Amino acid sequence: MTNQQTTMQNSSTLSYSAESHIDSSEFQWIGPDEKAMEAIARPTINFWKDAMGRLFKSKVAILCFVILAVLIVGAIFIPIFSPFDFSRQNVAFANQPPMWVDNVTHQVHLFGTDDLGRDTWVRIWMGARVSLTVAIAVTLIDCLVGTIYGGISGYLGGGVDNVMMRIIEVVGGVPYLIVVMLLMVVLPRGLTTIIIAYSLTGWTGMARLVRGQVLGLRSEEFIVAAESMGSRPSRVIAKHLAPNLLGIIVVNVTLDIPNVIFTEAFLSMLGLGIAPPQASWGTLCNDGILVFQMYPMQLVYPAVFISVTMLAFNLLGDQLRDALDPKLRR
Amino acid sequence: MPKQLQYILKRLVYSVITVLVLITITFFLMHLMPGDPFTGTKAIQPEVKAALYAKYGLDKPLPEQFIRYVGNVLHGDFGVSLLDKRPVKDIIMEAFPVSAELGIRSLIFAFIIGLLLGIVAAVKRGTGWDTFSMFLALIGVSVPSFVLGAILQYFLGLKLYQATGNAIFPVMGWSTENSKLLPAFALAFGSMAVISRLMRTSMLDVLNQDYIKTAKAKGLSQSGIVWKHAVRNAIMPVVTVMGPMVASVLTGTFVIENIFAIPGLGKYFVQSVQMNDYTTIVGTTLFFGAFLVFANFVVDIIYGLLDPRIKLSGEKE
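Taken in sequence, the protein lines are chains H and Z. Just so we're aligned, residue 1 is where the first sequence starts under the numbering used here, counting upward by one. Just so we're aligned, residue 1001 is where the second sequence starts under the numbering used here, counting upward by one.
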């Protein structure tokens, strides 16, 4: 401001001096405006706002969000408001094509019926409930256990870290699906069993990842500074470590969910899925494959649902990773 | 070399411990199962039952039973199938080579096609080739192998047969060369997608390096740069995922075998799940798990020997 004023003054004295005399005494020195100089011109954008801004600029990410929102809302409400019950059998109506109107009640079976005359549309959304519940629950448990385990291991370091990592080497070395198969055979079939079996060894990946990050972060200056200023470990973890870990955890949770959906479907194909009449996308695929050559649509519907969901989570994970990558931050 | 030997030894110790843990888990899971091996349709007299218990060592304390069990398993004795009274070992010996062949075919397939797709996509970045291979990769990561298998079976097996009158790709079985193509492809597709994506990223990274510019400046041909300089350096990240990939492809055989009616381990597994044939279930899974641990061990060693730059202390982070 002041600089401008003085230059204005100079130029005006130079160029306008012939026509009208402007005396320098008409101007006064008001001094620098300290407040204006220090004022923040734009609203502050913290890391998360920045990342989310970048995420929502991508059309792919928005599309993924919309798809996932539709799936979740659909899974909650469609079975409630549908005229059909997912387990009501009617053998007279078995294996009907899509958009079939039954001749008694004149209700439309949007996706047709299965080999027991159950409405496929409702069964798919009930399957969405099971599949998505399993996927989200398992991923959250894995994430929680893995983060705590990896965090402790990386933060304490030294001998504790050594022992904890040896345990992970062994637990992580046990083939994941093998343990799940064994557990599913032994334990009673049900949602809880599936969740327990899946999350028993699944957390090691997250633990390794978090431990690596924590190890890297611990030697950073801002952690050393916080510690030398007397911050308690709890504060260092909550205020300095956690925010820096959140990005990588969120990305991995997003990328783990499709894996769990796949695992569930895979085990259902082996006959180790949820017990009928309950359905998941995996068991629906399994039922569909049996009659695929005659009624291909019974496989196509659950397969499309699985594929689209996995695709949406995978793409969203990729987009999140790009959005959260500090190297891309302006 | 002593350092590499040390690395190999260390991996070996881990693998052995892992297998022991696996055996322990199976042992205790067997004990968690309801009922006992001699609860059948016929009522058994207490004396007979006691004799049977004594014969199979079931009257001994748990630790002793456990040691006996570990010993049996290490000798390859997984018990007798409850279904057809054959030793589980025989079933495994018969079925495993089929599963292994399917798995190896798929792995070779996945690696060759995946690498080629990744390389082409990176070299021709932004062109139709790139879009095409990344589209394939996207499908590969989101369409489960069993869905792809069923679709291939329907169109290339059934529909093609109906259209042309001769079965070019048999719908099921494991006999002729052609019958092995569809299952191997269906199983390989997912891994192929992962490999091509990884290879593309890694190639793009390498192609931006200074030594590639130097090679270009020296006037080397495009193919010389790509094959001699870029691919060799870009392939390492792909080798790192080989371990998990081998495991996932081999496990994937379980499902693919059932779709294509291939007489491998997976087929026996599902049969025994349906029939509650616990010894076969546990035997095949345990064997398969141990094999996976072994495969992982081999991959780890290959990886350690292949790249002198990795720290052989086992700290991969």
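Note that beta-carbon positions come from the ideal geometry of N, C-alpha and C, so glycine has one too. Note that the coordinates shown come from a computational prediction; the quantities given were computed from them, not determined experimentally.
CB contact check: residue i to chain Z, cutoff 7 Å
i        : result
H:Ala128 : no
H:Glu220 : no
H:Leu270 : yes
H:Phe292 : yes
H:Gly173 : yes
H:Leu255 : no
H:Ser368 : Examination of residue 368 of chain H is not possible in this model, given that chain H is present from 1 through 330 alone.
H:Val170 : yes
H:Phe262 : yes
H:Phe266 : yes
H:Leu324 : no
H:Ala61  : no
H:Ser199 : no
H:Ser307 : yes
Residue-level contact to chain H via CB, residue i, 7 Å cutoff
i         : result
Z:Leu1117 : no
Z:Tyr1014 : yes
Z:Leu1022 : yes
Z:Phe1146 : yes
Z:Val1273 : yes
Z:Glu1047 : no
Z:Ala1184 : no
Z:Thr1018 : yes
Z:Asp1300 : no
Z:Thr1280 : no
Z:Ser1179 : no
Z:Gly1289 : yes
Z:Thr1214 : no
Z:Leu1083 : no
Z:Val1293 : yes
Z:Thr1251 : yes
Neighbourhood of residue i by C-beta, 8 Å cutoff - its chain only, sequence neighbours within 5 removed
i         : result
H:Val251  : Gly317, Leu320, Arg321, Leu324
H:Leu177  : Thr263, Phe266, Leu267
Z:Val1226 : Ile1119, Val1123
Z:Asp1077 : Pro1087, Lys1089
H:Gly157  : Leu215, Arg218
Z:Ile1256 : Leu1102, Ser1145, Phe1146, Gly1149, Pro1183, Ala1186, Leu1187, Ile1262, Gly1266
Buried/exposed call for residue i, threshold 16 Cβ in 10 Å
i         : result
Z:Phe941  : Residue 941 of chain Z is absent from the model: chain Z starts at 1001 and stops at 1317.
Z:Leu1009 : exposed
Z:Ser1015 : buried
Z:Leu1115 : buried
H:Gly173  : buried
H:Pro258  : buried
H:Thr6    : Caution applies to H:Thr6, whose pLDDT of 49 falls short of 50 and renders its modelled position unreliable; the value that the coordinates give is listed next. The residue in question, H:Thr6, is exposed, as its Cβ has fewer than 16 Cβ neighbours within 10 Å.
Z:Gln1006 : exposed
H:Gly202  : buried
H:His240  : buried
H:Arg232  : exposed
Z:Gln1045 : exposed
H:Glu220  : exposed
CB-CB length for residue i against residue j, believed under 8 Å
i         : j         : result
Z:Gly1264 : Z:Thr1253 : 6 Å
H:Ala303  : Z:Val1147 : 4 Å
Z:Met1203 : Z:Ala1261 : The pair is not a contact, with the Cβ atoms about 39 Å apart (cut-off 8 Å).
Z:Pro1144 : H:Phe262  : 6 Å
H:Val185  : Z:Ile1281 : 5 Å
H:Gly288  : H:Leu299  : 3 Å
Z:Ser1106 : Z:Ala1184 : 5 Å
Z:Ala1230 : Z:Met1199 : Contact flag wrong, Cβ pair sits at about 10 Å.
H:Val331  : H:Leu245  : Here chain H has residues from 1 to 330 only, and residue 331 of chain H is not among them.
Z:Ser1133 : Z:Leu1117 : 4 Å
H:Ile62   : H:Ala137  : No, H:Ile62 and H:Ala137 are not in contact; Cβ-Cβ is about 26 Å, not under 8 Å.
Z:Phe1027 : Z:Tyr1069 : 5 Å
Z:Ser1081 : Z:Asp1277 : 6 Å
H:Leu182  : Z:Thr1285 : 6 Å
Other residues of its chain near residue i: CB distance less than 6 Å, five sequence neighbours each side excluded
i         : result
Z:Ala1290 : Val1019
H:Asn286  : Ser268, Met269
H:Asn314  : Pro258
Residues of its chain near residue i, where Cβ-Cβ distance is below 7 Å and the 5 sequence neighbours each way are ignored
i         : result
H:Asp119  : Phe84, His109, Thr113
H:Met206  : Asp142, Cys143, Gly146, Thr147, Gly150, Asn252
Z:Gly1314 : The predicted model places Z:Gly1314 with a pLDDT of 44, which falls under 50 and marks its position as unreliable, so this point remains unresolved.
H:Trp125  : Gly74, Ala75, Ile78, Pro79
H:Val236  : Ile223, Ala226, Glu227
Z:Ile1301 : Ile1008, Arg1011
Quick one: any contact between the stretch 43-50 of chain H and the stretch 64-71 of chain H, if contact means 3 or more CB pairs under 8 Å? no
For the structure I just gave you, are there three or more beta carbon pairs, one from the stretch 1177-1185 of chain Z and one from the stretch 1233-1250 of chain Z, closer than 8 Å? no
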